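*Asks:*
2 protein chains.
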Amino acid sequence: MFEIIRRDGLARIGKFATRAGVLETPALLPVVNPKILTVTPRELYEEFGFRALITNSYIIRSNDDIKQRAENEGLHSLLDFPGIIMTDSGTFQSHMYGEVEVSNQDIVNFQKRIGSDIGTVLDIFTEPFWTEEETAASISVTLERTKEAASMKDDMMIAGVVQGSVYPHLREMCAHRMRDMDVNVHPIGGVVPLMEQYRYEELVDVIIASKKGLSPDRPVHLFGAGHPMVLSLAVLLGCDMFDSASYAKFARDDRMMFIDGTYRLEDMLSLDCKCPACGSHTLETLRKLPDKERTRTIARHNLYEITKELSIIKRYILEGRLWELVEQRCRAHPALLGALRKLSEHGEFLERYEPLSRDGAMFYTGPETYSRPVFRRYLERVSERYVPRTKSMESFTDNGGCGKPYLREYHKEFVWARREGRTPVVMSPFGPVPEELDEIYPIAQSLFPQIADMETEKRIDPSDNPLNFETVTVTAIRGSHEDAEPIDTTEGALVDKAKAVARYQFGIAAANTLMSGKIELVVSRNTGKIRNVISDGEHVLSMRAGDGFYTLRPEGAARIIKNVPAPHMRVTVSDDAVPFVSEGKNVFCAFVTGCDDNIRPMEEVLVVDGNDRLAAVGRAVMVRDEMLSFRKGVAVKVRDGVGKS
Amino acid sequence: MFEIIRRDGLARIGKFATRAGVLETPALLPVVNPKILTVTPRELYEEFGFRALITNSYIIRSNDDIKQRAENEGLHSLLDFPGIIMTDSGTFQSHMYGEVEVSNQDIVNFQKRIGSDIGTVLDIFTEPFWTEEETAASISVTLERTKEAASMKDDMMIAGVVQGSVYPHLREMCAHRMRDMDVNVHPIGGVVPLMEQYRYEELVDVIIASKKGLSPDRPVHLFGAGHPMVLSLAVLLGCDMFDSASYAKFARDDRMMFIDGTYRLEDMLSLDCKCPACGSHTLETLRKLPDKERTRTIARHNLYEITKELSIIKRYILEGRLWELVEQRCRAHPALLGALRKLSEHGEFLERYEPLSRDGAMFYTGPETYSRPVFRRYLERVSERYVPRTKSMESFTDNGGCGKPYLREYHKEFVWARREGRTPVVMSPFGPVPEELDEIYPIAQSLFPQIADMETEKRIDPSDNPLNFETVTVTAIRGSHEDAEPIDTTEGALVDKAKAVARYQFGIAAANTLMSGKIELVVSRNTGKIRNVISDGEHVLSMRAGDGFYTLRPEGAARIIKNVPAPHMRVTVSDDAVPFVSEGKNVFCAFVTGCDDNIRPMEEVLVVDGNDRLAAVGRAVMVRDEMLSFRKGVAVKVRDGVGKS
């Protein structure tokens, strides 16, 4: 049903297949009130390109005339919408105006009857001010109803709403309990009050907790989130779908949505929008439009602002730079900035989805950038996997403004330190970077401002060094070197680099087997960089110039199979997939039966059969949980199939 | 010639009157090469609304055909442009391709002859890599030539270019030496290499140094700055004019300008622009356009992106929020972030132009926000002008997430501290805030994220308190209060607040005379806030609810005249202006003969005649240097004229 096309951490561009067509995500579903069509569904489809909308089955059911039409001709004809129609259940109405005179069964059946493509359970809305007990009790009801709805859905899809107020463990529990239920989409509900009160930090906790619990193969819908200001953050956290009633509601109040906030037409001091709705309007001409036309113009503006932001978000996902977009957007309000800072508390979860490397340079945009899992990743790996070559180190500093790779900036000093038997280590914003790792992503591919902030100063403090040097910090006296001519031991240094990168990327045991015996390096004549690693005559690894990491050759993979126990670096596929994979075809999720939990997106993996026999070598596109739950999509991009032995 | 309409610190919306029409600034002048018209000047005027363009007189002069047409019909007819035409002189050509075969006299005369509205001196381009000596020597030539050009300009305006490479003192000297010359616009030259090399920190130093030297009444043109990414920062530093050849040059290379950078069409992964040029183009349809049409489409896109950003900049100036826009924009590249951080080194200069208060809340967007002069202003004033009421203080903390005003958040605790004879002081991101100042701008009107960064943690450290309490930091044990019922001494506290705000706003001496004798307060029945201050029966001050500051009443002003020596808070006007001002008319710059150098925009001022007799009370719109140099525009908005005595 749902398939990932491209990803950037938890963020994903997906395809959600429904009986009424395929929805590309991230997607926003405009809320359509059948009684007031500010913009017609047909226009939403044709002019704006919306492939899905959401409408409220409870409201339809409450209006005899519309109800009858919906039952007779169906929702698609009633609304004149050729795309996907999702319906809400009346949960919110029930919550706001007391018990509704409809049961879960009734409303699910009604949604089926009127031809909704995605119906919603009559769940219980949990308010942020509810106690834990109240919340837990209401979740039980929601879960019962979800089970019931799933059992009676037939060919309608069902949206199972994750509730749990502001209690992360209840959100996660609720989400987790829905894993076994046959539902298709997971709205995260009860979050509108958080957004209205600018409680974005709690919103972050709620989304992350829900994501932890949910099965990754179903789209996640952030219920009621429709302001362009918040979309990029929500997508970064793995939300795929949104809806907006605000585009029309705000328009009726003369409020225009912009990426940096909402503005009342009467308070605005100028109009700087050139969207097709605003066109050549000035503030004056817009204000003077007759009521109905003005509302319609503002609603269309709001929709254009939303679609533009979604389109920008997709671009940043494609570029692997969504964190940077979010870090820009979160400056629009201090509460959003707080939310961004909150992400640092979820580093462990975020790191699971963080790719090994990205295209292009990493831009530092302020201390919030340290929330990115790439920092945690580096520190963890270098602490666990770096093996010092020498007993002592010599420390250098990069406060952000240093040239890269460091060897180019500090060439003479590095050579000297090596000669003296010390390892050059650069105290950088990422943590300590031993000379050998100065070309891997993101060390060499990052840009910082020349003027450091306090968080950066703290990170480059040499007293805070987790590496296992016996004697820490032998800072050489600069200047004493200047006359002397150190001997460049480049060749030895390159072998050390080859080993250190292998350990960082594959772990110590795998690196040891890859680098055993006699090591020969093929080095680029132009750049002096390592290209290939030959171990005892076998070409085991090739190094990529872009991110400084290796691609694993089948000969290298065979050694890991032999010497490093499973499941390290393994993706296991079912027997029927082996012949295809062995011929170099990609591994599809449906055929994955097991996976090393430590594999991250973009990492080199060994594709093996049930007996740990090598079938192929490739790059993971997903992490374990995803490979095992998705039914569609590529799990591993195979580079080399290893023909049957 | 030049007039300020609205301002936000150094940034200004201005009107620059030329013989060919009025140019509203900030403005960008598209560079038009008469040999290649990617977009015609007529289109620039009519479709995009550009009221001025720039073209190169040296190139025109070098092409016999075009030269003859320019001399015969004039530039406006040659280019078919009904707006203002500025010409460049060949400086850049001379710099790039060696000495040009034209003298300063020749090229100035030629510019006059072809009907340029604003001609440019043949100055010497100073490269960033030049030594101080080379730079200084070349500035002498530039200054000589500028003097010569000014003397021969007749009714053409002259642009006098500020040079000086990366040496701030040379930039300032060069700028200062031009104060006495009869030139009309000041381009800051030689900055293109800095921008091309992303040396934005140095660009900041260069602009500030030039602004310090220049007379404030002439528009400042940042030569060669045309990327939308950099415009908001340059406007924030007081640049009024820009030019862009890039819109067309980039287009010929298939490069599209966006607010977050420049993208090559071939590298782009999606097109998310809905500007009138991109319209309904997708990446595919745009790529497939025939060369000429594609170039034209991209050039038009680039122009729309520029005009949109200028329009957004104007909106933020009108809203008094330009710092916030710049802080968003500078996340697009770490080098821009570095530039933003560099501003903290120019706090003293920036503070001179910082208004007393702004409309709306102040948003914190990260540690760079501490570069804003509003922080320096508060710390300076509170250190100099706050007089502790008690010997000891009790410290509270606001790490950003505290409710405001503080009295509401900490009501019981404050009352208790007062009763115990201690002054409650909140250690806030602005520095220590004594209870009495908790409602003034920006203390009560600011929003910070709930999670503090290290810079904020440092600022709220109670050991770093510049206030003059004898015994510093008596931190009460919370909880011991909870049972007891403290006595609310609100009335006394309000009088203390009335006095403390007066000292902060007007200085200690003026506050003492305003608050002498018996003090009565008129307090709002709804909010409990101070409205009017009556001293010995005279209504001397009214307090504004919005920013917590006073408006000064004529009775109060009379006391300051009597008891606080000039020039404190005075703006002196010439005798012929006194009758008008006394009747309540605004003070225009042309009539200002003197001004207290400590007056900041939006501050209460006394308008006096040459004998220090009060003529009116009002709010300053400008600072001293501006009042004395501008020939047009309002210097003081008069609230109460004081009829002749």
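These protein sequence lines are chains A and B, in that order.
If you use this note's numbering, the first sequence corresponds to residues 155 to 799, in order.
If you use this note's numbering, the second sequence corresponds to residues 155 to 799, in order.
Beta carbons: idealized from backbone N, C-alpha and C, even for Gly.
Note that the coordinates shown come from a computational prediction; the quantities given were computed from them, not determined experimentally.
1. Could you tell me whether any Cβ in chain D is nearer than 9 angstroms to the Cβ of G520/A?
2. Could you work out which residue in P370/A, L276/A and L457/A is closest to A402/A when comparing CA atoms only?
3. Closer than 9 angstroms between beta carbons: that is the criterion. Which residues of the region 591-624 of chain B meet it against chain A?
4. CA-CA distance, K234/A and P341/A?
5. Find the nearest neighbour of W570/B within the set S364/B, S549/B and M332/B, judged by alpha-carbon distance.
6. Are the C-beta of G163/B and some C-beta of chain A separated by less than 9 angstroms?
7. Note down, one range per segment and in chain order, each alpha helix (DSSP H) of at least 4 residues found wholly within the region 250-288 of chain B.
8. Rounded to the nearest angstrom, how far is the Cβ of A313/A from that of G273/A, given a contact under 8 angstroms?
9. Taking its Cβ as the centre, do 16 or more other Cβ atoms sit within 10 Å of Y251/A, making it buried, or is it exposed?
10. Give every residue of the same chain whose Cβ lies closer than 8 angstroms to the Cβ of D615/B, excluding the five residues on either side of it in the sequence, and list them in chain order.
11. For G520/A, tell me which candidate among F246/A, Y212/A and F602/A has the shortest Cα-Cα distance.
12. Could you tell me whether any Cβ in chain B is nearer than 9 angstroms to the Cβ of S386/A?
13. Count the CB pairs spanning the region 276-286 of chain A and the region 315-322 of chain A that are closer than 8 angstroms, and state whether there are at least three.
14. Give a yes or no on contact between the region 417-435 of chain A and the region 348-360 of chain A, applying the rule of three or more CB pairs nearer than 8 angstroms.
15. Could you name the residues of the region 415-448 of chain B whose beta carbon sits closer than 7 angstroms to any beta carbon of chain A, in the order they occur along the chain?
16. Specify, as a first and last residue, the run of the alpha helix (DSSP H) that E200/B falls within.
17. Rounded to the nearest angstrom, how far is the Cβ of Y595/A from that of A656/A, given a contact under 8 angstroms?
18. Which residues bound the beta strand (DSSP E) around P382/A?
19. If we count the other Cβ atoms within 10 Å of its Cβ and call it buried at 16 or more, is G682/B buried or exposed?
20. Would you list, in chain order, the members of the region 465-479 of chain B that have their beta-carbon closer than 7 angstroms to a beta-carbon of chain A?
21. What does A489/B reach in chain A if we use C-beta pairs closer than 9 angstroms?
22. When DSSP labels each residue in this structure, what does L164/B get in the three-state scheme?
23. Where does the unbroken beta strand (DSSP E) through V178/A begin, and where does it stop?
24. Just how far apart, CA to CA, sit N752/A and G661/A?
25. In this structure, how does DSSP classify G501/B when only helix, strand and coil are distinguished?
26. Whole angstroms are fine: how far does the CA of D750/A sit from the CA of V389/B?
27. Enumerate, from N- to C-terminal direction, the unbroken beta strand (DSSP E) stretches of 3 or more residues contained entirely within the region 718-771 of chain A.
28. Using only CA atoms, which one of S424/B, A399/B, M516/B and L510/B lies nearest to I460/B?
29. Report the rounded CA-to-CA distance for I238/A versus I213/B, giving the unit in angstroms.
30. Distance check for S231/A and K221/A, CA to CA, integer angstroms please.
31. Please list the partners that K462/B has in chain A, where partner means a Cβ-to-Cβ separation under 7 angstroms.
32. Distance check for V384/B and V339/B, CA to CA, integer angstroms please.
33. Which residue's Cα is closest to the Cα of T245/B: E227/B, D271/B, E281/B and T610/B?
34. With a threshold of 9 angstroms between beta-carbons, can Q482/B be considered close to chain A, or not?
35. How would you call A652/A, buried or exposed, if buried means at least 16 neighbouring beta carbons within 10 angstroms?
36. Report the residue ranges of all alpha helix (DSSP H) runs contained in full by the region 287-313 of chain A; include only those spanning at least 4 residues, in chain order.
*Replies:* Let me lay it out:
1. Looking at the structure shown, chain D is missing, and the protein chains on hand are A and B.
2. In the first sequence, residue 402/A corresponds to position 248, counting from 1. Closest in C-alpha terms to A402/A, from the list P370/A, L276/A and L457/A, comes L457/A.
3. Only S600, L601, F602, P603, Q604, I605, A606, D607, M608, E609, E611 and K612 from the region 591-624 of chain B bring a Cβ to less than 9 angstroms from some Cβ of chain A.
4. Within the first sequence, numbered from 1, the residue matching residue 234/A stands at position 80. Within the first sequence, numbered from 1, the residue matching residue 341/A stands at position 187. It should be pointed out that residue 234/A corresponds to Asp in this sequence rather than to Lys. For D234/A and P341/A, the distance between alpha carbons rounds to 25 angstroms.
5. The residue given as residue 570/B occupies position 416 in the second sequence. If we check each option's Cα against that of W570/B, S549/B comes out closest.
6. Numbered from 1 along the second sequence, position 9 holds the residue referred to as residue 163/B. Any Cβ of chain A closer than 9 angstroms to the Cβ of G163/B would place that residue at the interface, and such an atom is absent.
7. DSSP runs (the alpha helix (DSSP H)) wholly in the region 250-288 of chain B: 258-267.
8. On the first sequence, position 159 is the one that residue 313/A refers to. On the first sequence, position 119 is the one that residue 273/A refers to. So it is a contact: roughly 7 angstroms between Cβ atoms.
9. The residue you call residue 251/A lines up with position 97 of the first sequence. With fewer than 16 other beta carbons inside 10 angstroms of its own, Y251/A counts as exposed.
10. The count along the second sequence starts at 1 and reaches residue 615/B at position 461. Cβ within range, chain order: M581.
11. Against the first sequence, residue 520/A aligns to sequence position 366. G520/A has its Cα closest to that of F602/A, out of F246/A, Y212/A and F602/A.
12. Within the first sequence, residue 386/A is the residue found at index 232, counting from 1. Not flagged as an interface residue toward chain B: S386/A, since no C-beta distance is shorter than 9 angstroms.
13. The way I'd put it, the region 276-286 of chain A does touch the region 315-322 of chain A; three or more beta-carbon pairs between them come closer than 8 angstroms.
14. By the Cβ criterion, the region 417-435 of chain A is not in contact with the region 348-360 of chain A, since fewer than three pairs of Cβ atoms, one from each stretch, lie closer than 8 angstroms.
15. Taken in chain order, the members of the region 415-448 of chain B whose beta-carbon sits within less than 7 angstroms of a beta-carbon on chain A are L423, S424, D426, K428, C429 and P430.
16. In the second sequence, the residue the question calls residue 200/B occupies position 46. E200/B -> alpha helix (DSSP H) spans P195 to E200.
17. Position 441 of the first sequence, counted from the start, is the residue given in the question as residue 595/A. Position 502 of the first sequence, counted from the start, is the residue given in the question as residue 656/A. At roughly 15 angstroms, the Cβ-Cβ gap does not stay under 8 angstroms, so Y595/A and A656/A are not in contact.
18. Within the first sequence, residue 382/A is the residue found at index 228, counting from 1. For P382/A, there is no enclosing beta strand (DSSP E); the residue is part of the alpha helix (DSSP H) that begins and ends at P382 to L390.
19. For the purposes of this step, residue 682/B is taken as the residue at position 528 of the second sequence. Within 10 angstroms of the beta-carbon of G682/B lie fewer than 16 other beta-carbons, which makes it exposed.
20. The residues in question are S465, I466, K468, R469, L472 and E473.
21. Residue 489/B sits at position 335 when you count from the first residue of the second sequence. The answer, in chain order, is L601, P603 and Q604.
22. For the purposes of this step, residue 164/B is taken as residue 10 along the second sequence, with counting starting at 1. Residue state, collapsed to three classes: coil.
23. As a working mapping, residue 178/A is identified with position 24 in the first sequence. Checking the sequence shown, residue 178/A turns out to be Glu, not Val. Here the beta strand (DSSP E) through E178/A covers G175 to T179.
24. To locate residue 752/A, count along the first sequence from 1; it is residue 598. To locate residue 661/A, count along the first sequence from 1; it is residue 507. Between the alpha carbons of N752/A and G661/A lies a gap of roughly 11 angstroms.
25. Taking the first residue of the second sequence as 1, we reach residue 501/B at position 347. Note: G501/B maps to helix in three-state DSSP.
26. The residue labelled residue 389/B in the question sits at position 235 within the second sequence. The residue labelled residue 750/A in the question sits at position 596 within the first sequence. Taking the straight line from one Cα to the other gives about 54 angstroms.
27. Counting only runs of 3 or more, we get 724-727, 746-749 and 758-762.
28. Within the second sequence, the letter at position 306 stands for residue 460/B. Measuring from the Cα of I460/B, the nearest candidate turns out to be A399/B.
29. Here residue 238/A is taken as the residue at index 84 of the first sequence, counted from 1. Here residue 213/B is taken as the residue at index 59 of the second sequence, counted from 1. Each residue's alpha carbon lies about 60 angstroms from the other.
30. Locating residue 221/A in the first sequence gives position 67, counting from the first residue. Locating residue 231/A in the first sequence gives position 77, counting from the first residue. Answer to the nearest angstrom: the Cα atoms are 13 angstroms apart.
31. As a working note, residue 462/B is residue 308 in the second sequence. Below the 7 angstroms Cβ cutoff, chain A contributes D426 and K428 as neighbours of K462/B, in chain order.
32. For this step, residue 339/B is matched to residue 185 along the second sequence. For this step, residue 384/B is matched to residue 230 along the second sequence. Between V339/B and V384/B, the C-alpha separation is close to 21 angstroms.
33. As a working mapping, residue 245/B is identified with position 91 in the second sequence. Cα-wise, what sits closest to T245/B is E281/B.
34. The sequence position of residue 482/B within the second sequence is 328, counting from 1. Chain A contact via Cβ: present.
35. As a first step, residue 652/A must be located in the first sequence, where it is residue number 498. With at least 16 other beta carbons inside 10 angstroms of its own, A652/A counts as buried.
36. Considered as a whole, the region 287-313 of chain A harbours no complete run of any alpha helix (DSSP H) with no fewer than 4 residues.
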